[in-house]
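Since the structure comes first, as structure tokens, the remarks are kept for the end.
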Amino acid sequence: MRGKLVGMNGDRAVAYAVKQADVDVISAYPITPQTIIVETLAEYVNNGELDAAFIPVESEHSALSAAVGASLSGARVFTATSSQGLALMYEILWIAAGLRTTIVMAIGNRALSPNINIHCSHDDAYAARDTGWLQFFAENVQEAYDLTLMAFRISEDHRVLFPSIVNLDGFILTHALEGLYVLEDSDVKAFLPKKEPVNPVDPGKPMTYGALDLFDWYMEHRRQQYASLESARPIIKEVFEEYSNLTGRKYSPVKSFNTEGAEVAVMILGSSAGTARYVARKLAEKGKKIGVISLTQYRPFPAKELREAIKDASVVAVMDRSVSFGSPGAQLFMDVSATLIRSKVRPLLFNVIYGLGGRDLTPAHIEKVVDLAESVMRRGEAPEEPVWVGVRGDEL
Amino acid sequence: MSGESVVLKLKTWRDLPIGGIIPEPKTSLHNKTGNWRAMKPILDNGKCIKCLLCWIHCPEPAILRGDDDSVRIDYDYCKGCGICANVCPVHAIEMKLEV
Ligand code: SF4
Ligand code: SF4
Numbered sequence: 001m002r003g004k005l006v007g008m009n010g011d012r013a014v015a016y017a018v019k020q021a022d023v024d025v026i027s028a029y030p031i032t033p034q035t036i037i038v039e040t041l042a043e044y045v046n047n048g049e050l051d052a053a054f055i056p057v058e059s060e061h062s063a064l065s066a067a068v069g070a071s072l073s074g075a076r077v078f079t080a081t082s083s084q085g086l087a088l089m090y091e092i093l094w095i096a097a098g099l100r101t102t103i104v105m106a107i108g109n110r111a112l113s114p115n116i117n118i119h120c121s122h123d124d125a126y127a128a129r130d131t132g133w134l135q136f137f138a139e140n141v142q143e144a145y146d147l148t149l150m151a152f153r154i155s156e157d158h159r160v161l162f163p164s165i166v167n168l169d170g171f172i173l174t175h176a177l178e179g180l181y182v183l184e185d186s187d188v189k190a191f192l193p194k195k196e197p198v199n200p201v202d203p204g205k206p207m208t209y210g211a212l213d214l215f216d217w218y219m220e221h222r223r224q225q226y227a228s229l230e231s232a233r234p235i236i237k238e239v240f241e242e243y244s245n246l247t248g249r250k251y252s253p254v255k256s257f258n259t260e261g262a263e264v265a266v267m268i269l270g271s272s273a274g275t276a277r278y279v280a281r282k283l284a285e286k287g288k289k290i291g292v293i294s295l296t297q298y299r300p301f302p303a304k305e306l307r308e309a310i311k312d313a314s315v316v317a318v319m320d321r322s323v324s325f326g327s328p329g330a331q332l333f334m335d336v337s338a339t340l341i342r343s344k345v346r347p348l349l350f351n352v353i354y355g356l357g358g359r360d361l362t363p364a365h366i367e368k369v370v371d372l373a374e375s376v377m378r379r380g381e382a383p384e385e386p387v388w389v390g391v392r393g394d395e396l
Numbered sequence: 001m002s003g004e005s006v007v008l009k010l011k012t013w014r015d016l017p018i019g020g021i022i023p024e025p026k027t028s029l030h031n032k033t034g035n036w037r038a039m040k041p042i043l044d045n046g047k048c049i050k051c052l053l054c055w056i057h058c059p060e061p062a063i064l065r066g067d068d069d070s071v072r073i074d075y076d077y078c079k080g081c082g083i084c085a086n087v088c089p090v091h092a093i094e095m096k097l098e099v
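Protein sequences appear in the order of chains Y and B. So for the first sequence, UniProt numbering puts the first residue at 1; every next one is plus one. So for the second sequence, UniProt numbering puts the first residue at 1; every next one is plus one.
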């Protein structure tokens, strides 16, 4: 592994990456469990370790608004949020993406109210999925650090120019101390040269940003934005590969474990992927082959790679740390369903809801999911509605 | 600026500058908004007493003021709100349906 081994929690690891990225502007509001990111960055700026403008705003809505302005002016910009804070940013999420800013934002994933809960759910990340931001999910503290650096590089690439979200599970990653390798400043500098803005705000060259765009232009702009986000896919892969070569840590949009020849697969995002792999390894000792699939890249959704990872499976349990009220399944489940509808050979799918508000997902839960998947395979029929694990009452 | 605006020719999505920006200034000179109008103000210069109330109140501003304080209406930008007709003390402006 390239770099030196240090101990940090996820929030500090993100802040450290942001410092090494040598950002120009940080505009952020502290919200649990992301607070440590903002506090650490404030410290860096205050003690002169980081030469950046730190804008302490009164709300997340302002945090992202200021970030949009700063990014358009040509600055490298970072912000962070969680849960209701992201909800408050919602309006500006669209604007940040539509104006093609290159903001990088960390989300310490946290449940939405009510009732007030500071622990992990993925509702917040999912709520941003249609807004045009690139989204990445970290599985551990190392990935939170790595993805933050890569996000700047990807966002600022002139063939991309979209803002990025780096998701890290609240408390599980934001506050857990883990060993990670950090790069030397010089390596980061080489990997992430200064931002070269496109069309920066310039008093000498007036331009209009965010003009009125009625039925005569709006649709063209949306069509263009859609196509541009699609064309970011190969560039994300390119940056993942370059970073993998630099660090010796493998990155790809989809992470598959034991999927080759496995009839049953579990699909899951974020920190729980490790638990799923642990169970898969244990079951492998008993001769059972269970594949585990997780996504590093969530938006744009890596449909092709997912289809490839899933090709041997007859049953896939898609696990969501979120509820989508009144819908046929939670968000990842719907993404996977829509992806597979285009495949000739389709595995049976069912949706599992787990871990809301920080509820632990234990290996025993995953084993239950695997048991259900196997019975689905035998019966040839999957449950119509999402099943819930780890809930009191009619649990799976 | 001469010729047709780069921005306002009806381009396809492939030809637009990214991010919905308009990379040239003064585009409102090309972006004639008068076709939004349903009602059209018709000025009777014979009645006009050059008080300039319409010129002050027009929100666009689409009332053009001559050197001698006479007024005329710039139909490229008049949106037909009728304020001028309302404030004119001598009823020199009449709102008519746009045809
Ligand atoms: S109708 Fe309204 S926009 Fe048109 S000239 Fe009169 S005041 Fe101006
Ligand atoms: S308000 Fe009437 S009288 Fe006064 S300048 Fe306008 S048109 Fe003429």
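No residue lacks a Cβ here, since even glycine has one placed at the ideal position from N, Cα and C. Quantities reported herein were computed from a predicted structural model and do not represent experimental measurements.
Between residue i and chain Y, is there a C-beta pair that is closer than 7 Å?
{"i": "B:G34", "result": "no"}
{"i": "B:W13", "result": "yes"}
{"i": "B:G80", "result": "no"}
{"i": "B:L16", "result": "yes"}
{"i": "B:I22", "result": "yes"}
{"i": "B:G19", "result": "yes"}
{"i": "B:P25", "result": "yes"}
Measuring alpha carbon to alpha carbon, tell me which residue in the options is nearest residue i.
{"i": "Y:R2", "options": "Y:S71, Y:T247 and Y:D124", "result": "Y:T247"}
{"i": "Y:A128", "options": "Y:E395, Y:R299, Y:P363 and Y:Y354", "result": "Y:R299"}
{"i": "Y:R222", "options": "Y:K344, Y:G270, Y:D185 and Y:W94", "result": "Y:W94"}
{"i": "Y:V198", "options": "Y:L177, Y:V160, Y:W217 and Y:L212", "result": "Y:V160"}
{"i": "Y:A190", "options": "Y:S375, Y:G10, Y:T362 and Y:Q20", "result": "Y:Q20"}
{"i": "Y:K288", "options": "Y:G85, Y:G274 and Y:V370", "result": "Y:V370"}
{"i": "Y:V266", "options": "Y:K282, Y:V316, Y:K255 and Y:Q297", "result": "Y:V316"}
{"i": "Y:F171", "options": "Y:L64, Y:S324 and Y:V141", "result": "Y:V141"}
{"i": "Y:S256", "options": "Y:Y226, Y:V201, Y:I290 and Y:F333", "result": "Y:I290"}
{"i": "Y:G390", "options": "Y:Q224, Y:L361 and Y:G380", "result": "Y:L361"}
{"i": "Y:Y251", "options": "Y:A97, Y:E139 and Y:P328", "result": "Y:E139"}
{"i": "Y:L349", "options": "Y:V45, Y:G355 and Y:R379", "result": "Y:R379"}
{"i": "Y:G10", "options": "Y:L72, Y:E238, Y:A80 and Y:N46", "result": "Y:A80"}
{"i": "Y:G74", "options": "Y:T102, Y:A87 and Y:N47", "result": "Y:T102"}
{"i": "Y:A53", "options": "Y:V77, Y:L72 and Y:T40", "result": "Y:V77"}
{"i": "B:I21", "options": "Y:Y209, Y:V292 and Y:A66", "result": "Y:Y209"}
Alpha carbon to alpha carbon, how far is residue i from residue j?
{"i": "Y:L335", "j": "Y:S83", "result": "The question names Leu, but residue 335 of chain Y is Asp in the sequence shown. Cα-Cα distance, rounded: 21 Å."}
{"i": "Y:Q34", "j": "Y:M105", "result": "11 Å"}
{"i": "Y:T174", "j": "B:L29", "result": "53 Å"}
{"i": "Y:A330", "j": "Y:D130", "result": "14 Å"}
{"i": "B:S2", "j": "B:P25", "result": "Residue placement at B:S2 is flagged as unreliable, the pLDDT there being 40, under the threshold of 50; the coordinate-derived value follows with that caveat. If you take the alpha carbons of B:S2 and B:P25, they lie about 13 Å apart."}
{"i": "Y:E220", "j": "Y:L214", "result": "10 Å"}
{"i": "Y:L269", "j": "Y:N167", "result": "10 Å"}
{"i": "residue 424 of chain Y", "j": "Y:S324", "result": "The structure shown does not extend to residue 424 of chain Y, since chain Y is modelled only from 1 to 396, so the question has no answer here."}
{"i": "Y:E49", "j": "Y:A15", "result": "12 Å"}
{"i": "Y:E367", "j": "Y:K282", "result": "10 Å"}
{"i": "Y:R359", "j": "Y:G108", "result": "16 Å"}
{"i": "B:L97", "j": "B:I63", "result": "19 Å"}
{"i": "Y:I154", "j": "Y:P234", "result": "11 Å"}
{"i": "Y:S337", "j": "Y:S343", "result": "10 Å"}
{"i": "B:D69", "j": "B:C78", "result": "19 Å"}
{"i": "Y:L183", "j": "Y:K4", "result": "7 Å"}
{"i": "Y:K304", "j": "Y:P253", "result": "10 Å"}
{"i": "Y:I165", "j": "Y:R307", "result": "24 Å"}
{"i": "Y:S322", "j": "Y:R392", "result": "17 Å"}
{"i": "Y:A96", "j": "Y:L192", "result": "21 Å"}
{"i": "Y:S375", "j": "Y:I55", "result": "55 Å"}
Just checking my contact of residue i with residue j at CB under 8 Å: how many whole Å lie between their CB atoms?
{"i": "Y:A262", "j": "Y:D312", "result": "6 Å"}
{"i": "B:K47", "j": "B:G80", "result": "Contact flag wrong, Cβ pair sits at about 20 Å."}
{"i": "B:C88", "j": "B:L52", "result": "Actually they are not in contact, since the Cβ atoms of B:C88 and B:L52 sit about 10 Å apart, beyond 8 Å."}
{"i": "Y:R110", "j": "Y:I118", "result": "6 Å"}
{"i": "Y:G136", "j": "Y:T296", "result": "For the record, residue 136 of chain Y in the displayed sequence is Phe; it is not Gly. About 6 Å separates the two Cβ atoms, so the contact holds."}
{"i": "Y:M8", "j": "Y:L180", "result": "6 Å"}
{"i": "Y:I353", "j": "Y:D320", "result": "6 Å"}
Would you please verify whether the beta carbon of residue i is less than 7 Å from any beta carbon of chain B?
{"i": "Y:L180", "result": "no"}
{"i": "Y:R223", "result": "yes"}
{"i": "Y:M105", "result": "no"}
{"i": "Y:L214", "result": "no"}
{"i": "Y:E156", "result": "no"}
{"i": "Y:A70", "result": "no"}
{"i": "Y:P206", "result": "yes"}
{"i": "Y:V6", "result": "no"}
{"i": "Y:L99", "result": "yes"}
{"i": "Y:N199", "result": "yes"}
Can you find a C-beta in chain C that's less than 7 Å from the C-beta of residue i?
{"i": "B:P61", "result": "In the displayed structure, chain C is absent; the protein chains listed are Y and B."}
Three-pair Cβ contact test at 8 Å for the stretch 236-244 of chain Y versus the stretch 29-44 of chain B
no
Using 8 Å as the threshold, is the stretch 140-150 of chain Y in touch with the stretch 379-387 of chain Y, meaning 3 or more CB pairs across them?
no
Would you say the stretch 12-30 of chain Y touches the stretch 49-60 of chain Y, given that touching needs at least three Cβ pairs under 8 Å?
yes
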